[in-house]
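Taking it in order: structure first as structure tokens, then the write-up.
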Amino acid sequence: MAVEIDTSAFTEEAYELLSELEDSLLELEESPEDQELIGRVFRAMHTIKGSGAMFGFDDVAEFTHNVETVFDLARNGTIPITKDLIDLTLGARDQIRAMLDAAAGGNAADGANAARIIAGLRALTPGADGSPPAAAKSAAGKPAEKEDAGPHTFRIRFKPHGDIFANGTNPILLLDELRELGDVRLIPFLDDLPHSLAEIDPERCYVSWEIFLTTEQGENAIQDVFIFVEDECDLNVRMVDRSEALAEDGPDKRLGDILVERGDVDPEVLEEVMQPLGERLVRSGLVNKGKVEAALTEQQIIKEKRESKKQQAAAQSVKVPSDKLDHLVDLVGELVTVQARLNQTSATLNDHDLQLIAEEVERLTGELRDNTMSIRMLAIGSTFNKFKRLVRDLSKELGKQIEMTTAGAETELDKTVIDQLNDPLIHIIRNSIDHGIEPPDGRSAAGKPSVGRIHLSAEHSGANVLIKVTDDGRGLDAEKLKRKAIEKGQLAPDAELTDKEAFQLIFGAGFSTAEKITNVSGRGVGMDVVRKSIDALRGAIDVQSELGQGTTITLKLPLTLAIIEGLLVKIQSEFFVLPLAAVEECVELTREDVSATHGRHVINVRGSIVPYIRIRDRFEVEGDPPEVEQIVIAEVDEKRVGFVVDDVIGQHQTVIKGLGKTFQNSEEFSGATILGDGTVALILDLQKMVRFVEDQEHVEAGISG
Amino acid sequence: MAKTIMTVDDSSSVRQMVGLTLKGAGYNVVEGVDGQDALNKLKANPVDMVITDLNMPNMDGITLIRELRALPAFKFTPIVMLTTESQANRKADGKSAGATGWIVKPFKPAQLLGVIKKVLG
Amino acid sequence: MDQDADVEESQEYEESAPPRAAAKAASPQASGASGETTQYLTFQLDDEVFAVDISKVREVLEYTNITKVPRTPDFMCGVINLRGSVVPVVDLRLKFGMSRSERTVNTCIIIVEIVQEDEVTEMGALADSVKEVMELEHSKIEPPPKLGTRLRSDFLKGMGKHEDQFIMLLEIDRIFSTEELSIANHTLS
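Chains as they are written, first to last, in my numbering: chain A, 88 to 792; chain B, 8 to 128; chain C, 5 to 193.
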């Protein structure tokens with residue numbers, strides 16, 4: 088039968104399994120005794136092998152089979168999980184990937200490499216001499232059948248054991264199957280039936296048969312019919328000559344034979360005997376169904392609770408192409424914009440019914456938006472796991488001993504953010520391995536454990552996610568950084584920097600303090616790329632370091648890039664949006680407040696002094712401010728800063744639109760959004776604005792002083 | 008009425024392959040991604056036959072077979088396990104847990120249908 | 005300049021713009037033996053006529069509400085909402101060093117598609133009025149003079165002549181390059 092099978096289902100799954108395999112292997116290296124992990128590795132290879140063969144990837148299946156065979160020995164404890172085994176298996180994982188890539192039209196996989204891996208794995212097996220394990224197994228099994236010409240008649244005695252139904256076997260079907268092999272004459276035996284009806288156990292089989300089959304097929308074909316019930320029946324198959332057929336048999340058989348010949352007992356009759364029996368079985372079983380099920384459900388609930396969330400998610404997830412998701416987000420964005428227009432229109436028309444509808448639509452839109460955004464949220468764990476391999480390979484290459492730990496792998500982030508986070512994190516980790524962590528002897532000399540540590544963590548913090556890369560290496564030398572920057576002309580010789588500011592120098596273009604250029608980093612590219620990528624994600628980087636103790640680089644990233652909660656404000660006739668996540672409160676600013684502080688841009692908010700920025704002045708907006716202005720107090724770079732506006736309109740679902748390259752220098756705006764009436768409002772980047780104003784005031788103060 | 012078969016495998020490609028073959032032969036197909044998933048679904052909606060893989064996370068095939076056999080509704084339902092040649096001993100485990108038969112992976116669609124015919128009719 | 009006439013001409017543009025093939029088909033007659041022609045959209049700034057290659061023009065909009073982006077040069081009018089996208093608009097008069105003009109019913113925004121740092125993007129150009137779509141033979145286009153125009157020569161592709169009037173053919177990608185738009189940003193800040 089022809090069934091069209093799409094092999095992409097296999098390859099897609101195989102890639103996923105390979106990535107899981109890698110994670111499991113790396114974990115296994117840390118806890119080689121973990122049977123669950125060994126099982127996971129084995130299962131992944133097992134599935135790749137099994138599906139591979141079915142989908143026509145014979146080379147993949149064969150190669151994987153060889154690897155699986157060795158790992159099976161590890162699974163049953165014959166050989167230990169060693170670093171060599173993990174190395175080889177990781178190599179095998181890469182090889183399988185190469186084979187899949189090759190099948191997808193990539194470069195041909197390196198066959199010699201495959202042979203090397205297999206040879207290496209075999210060398211790990213007990214009594215290994217490099218020769219392949221007994222290959223005869225698969226060929227064994229079917230001795231050549233002696234096929235005489237012409238049909239033969241077989242006598243088959245088939246006596247199912249009483250409990251054969253318990254395995255779900257329906258003997259009638261086996262008889263049917265025999266019928267397909269040739270001409271069948273069948274004699275049922277009912278003499279095992281108890282004499283008293285009360286003794287009959289409806290779940291037991293009391294019937295046996297003797298079958299005469301005339302067929303072109305050999306004995307093996309008949310044995311195959313009963314292959315599943317070999318242990319649940321007495322089976323005797325014998326080829327008989329026509330002439331001797333009836334002569335040597337007992338009276339029962341003769342009677343049966345006659346009965347069949349007469350047509351008094353035929354398969355249909357037999358089936359009717361069986362049928363009510365089966366139905367009664369089910370009925371009797373159903374009596375306790377409710378109770379049993381209740382108990383099982385209770386047990387089930389407890390089990391489910393124990394199961395990790397991850398497994399649950401994996402079991403119930405649906406795969407969706409990401410472009411469909413992107414489209415959905417775009418549509419939701421449009422809907423949010425239209426909804427804002429509806430709100431505005433209904434408010435203008437002052438129609439009560441319309442307003443009710445608008446409110447309902449607003450509620451639904453909000454839910455739809457949150458839901459859509461949550462669909463795009465992915466756990467960062469898979470990204471973390473990729474780095475385990477990176478750390479492992481790099482530390483090996485550089486002769487360093489590094490242990491990587493992670494925390495918060497379940498932290499969820501927008502898919503786009505995660506995708507774009509990969510490269511910056513690679514650069515940061517490479518940098519830590521190359522520049523941060525010392526070689527083992529250097530570490531011992533400094534009184535540190537010889538194994539260096541890199542800790543990767545993620546956690547939620549308001550509308551942001553903090554991702555930290557911490558190492559216990561040599562730390563950054565602020566003085567050295569400053570000297571370097573001055574040498575390179577990136578810093579004025581008399582510049583005064585705090586350590587924190589000095590640390591930021593590492594993100595300058597072409598800046599590298601590595602004394603020798605290694606393969607890994609030190610080419611002066613990398614960290615400036617990190618800054619750019621993080622800026623593009625509207626994130627921030629913070630560096631903390633203690634000389635000799637280690638460095639922590641913290642990336643602060645927004646949860647999502649597409650839609651944010653904004654605070655809509657007005658200055659003269661212009662509208663602006665402030666990210667609501669940063670906003671703490673709004674207070675009034677009167678003319679008296681201004682004169683009380685002698686024109687200094689600070690205000691007393693319940694006892695604490697908060698500096699503020701007059702957006703009107705900053706943006707050179709024409710016209711006069713109202714008598715009472717509003718200050719929006721927000722937290723920027725861990726400080727409270729006020730932003731003075733004419734009026735606070737309220738919360739606004741803000742669909743972020745890029746401003747494009749034309750405004751790449753207008754860094755005080757992170758984008759624009761379209762308001763309900765179709766006009767465009769700019770979204771303020773508070774952090775950038777504060778930095779610009781600080782710089783400017785610095786310069787002005789410098790000039791006047 | 009078409010008979011319904013549940014296929015249980017943690018490999019979506021195997022499920023797809025088995026599913027396509029069965030649907031092509033006129034059976035209804037429901038899927039389980041592992042033993043636990045299958046058990047939950049089967050308790051709610053019994054089927055005419057179950058085809059299950061053995062190596063699966065959460066609940067393996069052997070346990071699934073044992074659990075199903077303990078349910079009145081599945082006392083006599085044909086359950087076929089998917090095995091590989093390297094799992095000879097698992098075959099015996101499966102049988103003693105109550106499996107009706109087995110299919111050795113890799114298999115071709117025709118082999119699969121042959122086995123179904125044998126146990127389901 | 006008669007405003008009514010301008011309105012008619014801009015309407016004529018809207019009708020004739022889509023069937024570019026028809027205009028092309030007529031071109032052999034118009035161009036004679038001398039060879040290829042290119043279609044241009046002409047528009048007016050002050051009393052001068054400018055033109056952009058019609059293949060760059062996406063559409064012509066009536067003047068609409070423009071949101072100013074603070075701390076950008078005067079010639080950056082700001083951004084508009086073009087069917088959900090945010091599109092920057094440049095006042096060509098100010099960019100070319102002319103005086104600011106009053107908005108009239110003829111003031112329009114020509115949306116052009118340009119290549120900005122290898123990215124295709126849309127930009128709006130504010131013009132006093134749109135005139136017509138016309139065809140110019142390549143042979144009739146002269147290289148931009150180094151002197152005499154108030155315009156920087158690298159903003160010009162060349163100069164054409166039509167009914168005794170000089171038409172300045174704009175190098176629109178150059179004018180709207182980020183370099184060109186950001187130089188001014190720096191000088192301002």
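Quick reminder that beta carbons are idealized off the backbone N, C-alpha and C, glycines included.
In the structure shown, residue 759 of chain A falls within a strand segment according to DSSP collapsed to helix, strand and coil. Per the coordinates, the alpha-carbon of residue 104 of chain B lies some 9 Å from the alpha-carbon of residue 71 of chain B. At least one CB atom of chain A sits nearer than 8 Å to the CB of residue 91 of chain B.
Annotation: the stretch 631 to 717 of chain A contains the following complete segments of the alpha helix (DSSP H) (minimum length 4 residues), in chain order: 678 to 683, 702 to 705. Close to chain A, meaning a Cβ-Cβ distance shorter than 9 Å, are the following residues of the stretch 106 to 125 of chain C: 120, 121, 123, 125. Membership of residue 82 of chain B in any beta strand (DSSP E) is not indicated, and neither H nor E is assigned to it by DSSP. At a Cβ-Cβ threshold of 8 Å, residue 644 of chain A and residue 626 of chain A count as neighbours. In this structure, the CA atom of residue 121 of chain A is about 20 Å from the CA atom of residue 61 of chain B. Residue state for residue 76 of chain C is assigned as coil, using DSSP reduced to three classes. Here residue 416 of chain A is near residue 459 of chain A, since their CB atoms are less than 8 Å apart.
The beta carbon of residue 180 of chain C sits closer than 6 Å to those of 118, 127, all from its chain and outside the five residues before and after it, given in chain order. Close partners of residue 105 of chain B in chain A (Cβ separation under 8 Å): 253, 254, 255. At a cut-off of 8 Å, the C-beta of residue 263 of chain A has a neighbouring C-beta in chain B. Against chain A, a Cβ distance below 7 Å from residue 84 of chain C picks out 767. For residue 70 of chain B, no Cβ of chain A is located within less than 8 Å of the residue's own Cβ. Note on geometry: alpha-carbon atoms of residue 42 of chain B and residue 517 of chain A lie some 42 Å from one another.
The CB of residue 138 of chain A comes closer than 7 Å to the CB of 18, 20, 21 in chain B, given here in chain order. Under the three-state reduction of DSSP, residue 538 of chain A is assigned to coil, being neither helix nor strand. The Cβ-Cβ distance between residue 720 of chain A and residue 697 of chain A falls below 8 Å. By the rule that beta-carbons nearer than 8 Å mark a contact, residue 141 of chain A touches chain B. The count of Cβ pairs closer than 8 Å, one atom from the stretch 134 to 148 of chain A and one from the stretch 112 to 120 of chain B, reaches three, so the stretches are in contact. Assigned with DSSP and collapsed to three states, residue 577 of chain A falls in coil, not helix or strand. The beta carbon of residue 152 of chain A sits closer than 8 Å to the beta carbons of 136 from its chain, once the five residues preceding and following it are set aside; these are given in chain order.
Restricting attention to alpha helix (DSSP H) runs no shorter than 4 residues, the stretch 95 to 144 of chain A encloses them at 95 to 117, 122 to 141, ordered along the chain. A distance of 8 Å or more separates the beta carbons of residue 759 of chain A and residue 56 of chain C.
Distance from the Cα of residue 565 of chain A is smallest, within the candidate group A:530, A:634, A:157, for A:634.
In the DSSP assignment, the residues bridged to residue 242 of chain A are A:299, A:325.
DSSP, reduced to helix, strand and coil, places residue 96 of chain C within a helical segment of the structure shown.
Note on the stretch 15 to 76 of chain B: whole beta strand (DSSP E) runs with a minimum of 3 residues are 35 to 39, 56 to 60, in chain order. Here the alpha carbons of residue 263 of chain A and residue 117 of chain A stand approximately 56 Å from one another.
Burial of residue 665 of chain A is indicated by the presence of at least 16 other C-beta atoms within 10 angstroms of its C-beta. Residue state for residue 101 of chain C is assigned as coil, using DSSP reduced to three classes. Sequence-distant Cβ neighbours of residue 572 of chain A in its own chain, meaning closer than 6 Å and more than five residues away, are 578, 592. Chain-order list of chain A residues neighbouring residue 72 of chain C: 661, by C-beta distance under 8 Å.
Residues of the same chain with a CB within less than 7 Å of the CB of residue 200 of chain A, apart from the 5 flanking positions on each side, are 182 in chain order. Nearest Cα to residue 717 of chain A within the set A:527, A:674, A:745, A:494: A:674.
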